[in-house]
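Undergrad: Per numbering that gives the first Met the number 0: the sequence shown = residues 0 to 163. Note that the Cβ used here is the ideal one computed from N, Cα and C, for glycine as well.
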Amino acid sequence: MHRSLSLLPALRLSRRDRLLLLLLACMICIAAAALTRGEASSPIVVAAARCAPTFAGAKVGSCTLVLRNPGRSADRLVAIATDAADRVEIHSMSVADGVMQMRRLPQGVEIAAGATVDFHDRGYHLMLLDLKEPLTAGGSIDADLFFERAGALPVAFRVEDMER
0 MHRSLSLLPA LRLSRRDRLL LLLLACMICI AAAALTRGEA SSPIVVAAAR
50 CAPTFAGAKV GSCTLVLRNP GRSADRLVAI ATDAADRVEI HSMSVADGVM
100 QMRRLPQGVE IAAGATVDFH DRGYHLMLLD LKEPLTAGGS IDADLFFERA
150 GALPVAFRVE DMER
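If you want it as structure tokens, here you go:
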């Protein structure tokens, strides 16, 4: 064997040992790639994306959804965009001393690793502000959800009665 062709001339490894070393290096690279892809291939799963119908002339609408994070890292819903409204805000609702309180969540909503967040059950909703036209039962609106880790996710919200 020519010295210039040897990858590890100083170690004086047998051909079998060099082959095993190369195989080990390949296995490490494949394992690292699989771990990296595992996180990226675990996007947020969206279910039950619904908006309540509105009356003619209404300027605001409300939507809920269920977000499931099958990944190993927490993620956060930080923004929503739709052509159906000028802007969308993430809100929470609670009742304190018999008074309903609604507040904007500028930091969004966290979805823990392996967790499911049901907006309806948790008192969250998406507030569509300055609607461009009424939300009509039986229709749908397209929106993009933006997550810190998962990025943009297109979703179609069905317009239907929000009663469970």
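(1) For Thr-135, count neighbouring C-beta atoms within 10 Å of its own C-beta (all shown protein chains included) and say buried if the count is 16 or more, exposed if not.
(2) If we call anything under 7 Å between Cβ atoms a contact, is Arg-121 one with Asp-74?
(3) In whole angstroms, what is the alpha-carbon distance linking Leu-130 and Gly-70?
(4) So which of Ala-55, Phe-146, Met-161, Gly-138 has the shortest CA-CA distance to Ala-155?
(5) Closer than 6 Å by C-beta to Ala-48: which residues in its own chain qualify, once you throw out the five before and the five after it? Chain order, please.
(6) Based on the DSSP output, what are the partners of Phe-146 in its beta bridges?
(7) Would you decide whether Ala-142 is buried or exposed? Buried here means 16 or more other CB atoms lie within 10 Å of its CB.
(8) By how many angstroms is the C-alpha of Arg-14 removed from the C-alpha of Ala-151?
(9) Let me know if Leu-125 comes out buried or exposed under the rule of 16 or more other beta-carbons within 10 Å of its beta-carbon.
(10) From the DSSP output, which residues share a beta bridge with His-208?
TA: In short, the structure shows the following:
(1) Taking the first residue of the sequence shown as position 1, residue 135 is located at position 136. That one is exposed.
(2) Numbered from its first residue, the sequence shown carries residue 121 at position 122. Numbered from its first residue, the sequence shown carries residue 74 at position 75. For Arg-121 and Asp-74, no; Cβs fall outside 7 Å.
(3) For the purposes of this step, residue 130 is identified with residue 131 of the sequence shown, where counting begins at 1. For the purposes of this step, residue 70 is identified with residue 71 of the sequence shown, where counting begins at 1. Rounded to the nearest angstrom, the two C-alpha atoms are 34 Å apart.
(4) Here residue 155 is taken as the residue at index 156 of the sequence shown, counted from 1. That would be Gly-138, whose Cα lies nearest to the Cα of Ala-155.
(5) Here residue 48 refers to the residue found at position 49 of the sequence shown. These residues qualify, in order along the chain: Leu-64, Val-154, Phe-156.
(6) Within the sequence shown, residue 146 is the residue found at index 147, counting from 1. In DSSP, Phe-146 forms a bridge with Leu-76, Gly-150.
(7) The count along the sequence shown starts at 1 and reaches residue 142 at position 143. Label assigned to Ala-142: buried.
(8) Position 152 of the sequence shown holds residue 151. Position 15 of the sequence shown holds residue 14. One C-alpha to the other measures close to 50 Å.
(9) For this step, residue 125 is matched to residue 126 along the sequence shown. By the neighbour-count rule (16 or more Cβ atoms within 10 Å), Leu-125 is buried.
(10) Residue numbering for the chain in the displayed model covers 0 to 163; residue 208 lies beyond these limits and cannot be assessed.
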